[in-house]
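So that you can map any letter, position 631 of the sequence shown is 1691 in this note's numbering, and since no number is skipped, the others follow by simple counting.
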Amino acid sequence: MQEHVSRYQRRSRVSALCVVLAGTLLLPACGRQEPAIDRRTWSDYGGGPDNARFSTLDQITKENVSQLEVAWTYPTSDNVSYVWGPIVANGVMYVLARDFSLVALDAATGEEIWIHEGLQGIAPRGINYWESEDGSDRRLLYQRYHYLEALDARTGLPILSFGKEGAVNLREGLRRDVATVGRVQSSNPGKIFENLLILGSATGENYVATPGDIRAFDVRTGELVWQFHTIPLPGEFGYETWPPDAYKYAGGANAWGEITIDVERGIAFVPTGSPTYDYYGADRHGANLFGTSLLALNARTGERIWHFQMVHHDLWDYDNAAAPQLTTIRHNGRTRDVVVQAGKTGFLYVFDRDTGEPIWPIEERPVPPSDVPGEQAWPTQPFPTNPPPFTPQTLSVDDINPYVLTPEERDEWRDRIAKARNLGLFTPPAVGIDTVSIPGAQGGANWGSTAAHPTNGTFYVLGITVPSIYRLSLEPPGRPAAPGAAPTTAIAGGDVDAGRAIYQVRCMSCHGPDLRGTGTFPSLVDVSMRLGPETLRDIIASGRLSMPPTPLSADDMASLLAFLASPNPSAVPEPSAEREEYSRGPVVASGGAPGARAGGYVARGGMVGPPYPEGLPVPSVRYYTDYGMQASLVKPPYSTLTAYDLNTGTIKWQIPAGGDDPRAVAEGATDTGYPRLRTGIITTVTGLLFQAGLDGRIRAYDAETGKVLWTGELPAGSIGIPAMYEADGRQFLVVNATQSPNPARGGAPVGGQLKGERAYVAFALPKR
């Protein structure tokens, strides 16, 4: 089996070389000249098609960064914790605010230009901007529920000629009965390349999930231009790495993370996640290409150029989610254009962009086998020999947190870790015994966590450590269920509408209006199915991990449980004609495209998923585990910011990131880093690196040393990617400051007092 996978890796690189030599891609050597990326604005999520988060603006320097001041603020006028990354195009900024309204602002002043209300269900992290060559057609493209929609960027009105009445149904064309497709929207916005929007998906982690095809749509018409099958069909490359009928039922291997475009080469670098079900693979024997891989695709056609699979037959949810970064290095006397993927594994994988050749050897090493009935764990896994990892990859009793935990909890964890199956990064989950996974499914690198200098080989990554403790069982977490079982639809005595109101006040700021979570906080989709009403009642009343206790009356508890168990819960009702408008602001429209008014998600039985297609053998047993995340288990630092010099493959510096955990500081800790930090990074040509934190501060670092040069105060914490741009001759840095800054037990920020009103905050140097 090891030879089989090695052959596939080698074949991919040979194929890449052949494609390049054949001229399928129009490379610079062939005379094609693409326009340079404008790094003086921020018209793309991540700063540009390459996601470098790099600005060439030079007003703000190491010498004057301490003079930054608030230039303007735009209050969101709601109680929502957004993870939105603002974009700026033609002097206009686009943000999400006012109960999930899309707002166009003057980027120099923060004044409202137009507001499109009622976009509940919009992909939470960002939006795409496209304009025609002559600038006459300017569009905003975004996902909402399971649709792709387009608005006129000047007016905020739906473009009805796009798709069907302004919308494209993303659940169609995936080789599944649309009625069984529960999730497809990606939390990330995708990437614009020429006249295409290249889009991944978030398919869920249950059995019989939706396949994670990569698709490209025409930005003018909404028509599908190309589609890459991450679970190959018969005759396609990689088909033999699955059971013969797997393409009919296997799901995932999806790109819910950040896609990067090499505009000059016309290559889309697509990081993919694990196949489903994530922790047990008896129905997907094989290496499972193209799960947990980096794909290099022809951005115009979707053809595979090369790939590298970071985890064979993934059993740990080690998705690739962070943006692949593009930079140029000097290695062994040669100049090499490379692509860099930071993984949840804590490893950094560095490849030649054209061929996929690893810059440093990546060794296939033996890893522990699985003893779970029906499972066939892959016998080897790839281990990069260089650069060194950026997060811990082992956990022992000596690593138990000396802070935060009570003495009783500490003793309990020492005993559990000592008895657990704990054989390294690729220890397969086991039945009836704890299995340690570190950095964990929520650790390592995640969305928004990387940046790079495009030309000098410097790479930055935010790493977090959130170990998971898995224990496989025949029962889904919290309750027994049969394959394909339908979710609970009612709780005795509960009023769904009353429960929605309670959710809005008590839960929505953390778990989002569509229950899908907001970055740090987990999804509650199908939570009643996954945990059962009694377990859920206990968690709400008593708290768990990062969630504090929520005391409710018996009637209120019943109503909240009824809301959570309803078929398609949404915390914000669909807009109606009777809805009272806000007292200020130029509202131009409400509710998005007419063709997408149906909205909503289809609930499909939690981790159990929908039934297998008729005529296929159903596995005799299926195992499950909860996510087992333990944010407070390990000693600090919980989060780190690491700078690499990829010319040498070495770490330049590593520091705790995002401030300190006040709970640990109260017990004498220092330099803890913030627990479960999910904040973006910006770096500049003047040698600065900016990162906002959940502690309600933004920091400027010396990019060469990691030294803090300036700290700015925010009204709230921040999750998401800031933006840097020029407007009216001034350089601005804008930050989404809408998260609660205070951590509760377990490490995630919930509750507490905000320092001010949730807002987008723009910093600049004083006017001269």
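The C-beta atom is built at its ideal place from N, Cα and C for all residues, glycine as well.
Is the beta carbon of residue i less than 8 Å from the beta carbon of residue j?
i, j, result
"A1269", "G1651", "no"
"Q1401", "L1354", "yes"
"I1477", "V1464", "no"
"S1778", "T1739", "yes"
"A1037", "G1295", "Since the displayed the chain opens at 1061 and closes at 1828, residue 1037 lies outside it and no answer follows."
"V1821", "A1797", "yes"
"P1716", "G1733", "yes"
"I1741", "L1485", "no"
"V1585", "L1575", "yes"
"A1512", "T1415", "no"
"E1423", "F1443", "yes"
"M1667", "N1266", "yes"
"R1100", "E1674", "no"
"V1152", "A1167", "yes"
"S1103", "A1131", "no"
"G1106", "W1144", "no"
"W1507", "A1382", "yes"
"K1308", "G1655", "no"
"K1404", "G1504", "yes"
"R1396", "I1419", "yes"
"R1198", "E1191", "yes"
"I1147", "Y1189", "yes"
Nearest CA to the CA of residue i: which residue from the options?
i, options, result
"V1432", "A1724, F1222 and P1488", "P1488"
"G1181", "P1629, A1729 and P1331", "P1629"
"F1114", "L1748, L1624, P1537 and I1321", "L1748"
"L1483", "G1250, I1529, E1123 and P1514", "I1529"
"A1356", "A1328, G1282, N1380 and Y1378", "A1328"
"R1828", "G1789, N1150 and I1175", "G1789"
"R1394", "A1382, D1412, A1383 and E1324", "D1412"
"A1359", "R1344, W1376, V1399 and I1321", "I1321"
"P1735", "V1725, D1720 and K1308", "D1720"
"F1368", "T1336, P1537, G1406 and V1410", "V1410"
"R1330", "E1363, R1344, A1347 and K1308", "According to the sequence as given, residue 1330 is Val; it is not Arg. Checked all of E1363, R1344, A1347 and K1308; the closest Cα to V1330 is E1363."
"P1593", "S1509, P1677, L1620 and L1293", "L1620"
"G1264", "P1335, G1326, A1625 and Y1207", "P1335"
"K1815", "I1781, G1780 and R1757", "R1757"
"P1697", "F1253, V1725 and T1744", "V1725"
Return helix, strand or coil for residue i, following the three-state DSSP convention.
i, result
"M1153", "strand"
"M1617", "helix"
"Q1127", "helix"
"E1773", "strand"
"E1468", "helix"
"D1731", "coil"
"A1663", "Residue confidence is low: A1663 scores 46 on pLDDT, short of 50, so the model does not pin down where it sits. No coordinate-derived value is stated."
"K1479", "helix"
"A1356", "strand"
"W1316", "coil"
"F1222", "coil"
Take residue i and list the residues in its own chain whose beta-carbon comes closer than 6 Å to its own, dropping the five residues that flank it on each side.
i, result
"R1805", "Here the model assigns R1805 a pLDDT of 31, short of 50, so the residue's position is not dependable and the matter cannot be decided."
"N1707", "I1389, R1390 and G1517"
"D1159", "D1138"
"V1241", "R1231 and T1270"
"P1135", "E1817 and A1819"
"L1408", "A1402 and P1447"
"E1727", "Y1463"
"E1535", "none"
"A1157", "T1136 and V1163"
"P1499", "G1406, T1451 and T1525"
"G1559", "S1619, L1620, A1622 and F1623"
"Q1791", "L1117, Q1119 and I1120"
Looking only at its chain, what residues have a beta carbon closer than 7 Å to the beta carbon of residue i, apart from the 5 residues adjacent to it on each side?
i, result
"K1712", "A1703, Y1704 and D1705"
"V1457", "R1474, I1477 and A1478"
"A1342", "G1434, E1435 and P1679"
"E1171", "L1165"
"V1285", "L1256, A1276, F1277 and D1278"
Beta-carbon within less than 8 Å of residue i's beta-carbon, same chain only, minus the 5 sequence neighbours each way: which residues are those?
i, result
"Q1441", "V1371, H1372, E1424, R1425, V1427, L1485 and F1486"
"L1128", "I1120, A1760, W1770, G1772, L1793, F1823, A1824 and L1825"
"A1183", "Y1202, Q1203, R1204, Q1245, S1246, S1247, N1248 and P1249"
Verify the CB distance criterion: does residue i have a CB-CB separation below 8 Å to chain B?
i, result
"D1212", "This model lacks chain B altogether, as it is built from one protein chain only."
- Pairing CB atoms from the segment 1267 to 1283 with CB atoms from the segment 1248 to 1259, are three or more of them under 8 Å? yes
- Per the contact definition of three or more C-beta pairs closer than 8 Å, is the segment 1103 to 1123 in contact with the segment 1196 to 1208? no
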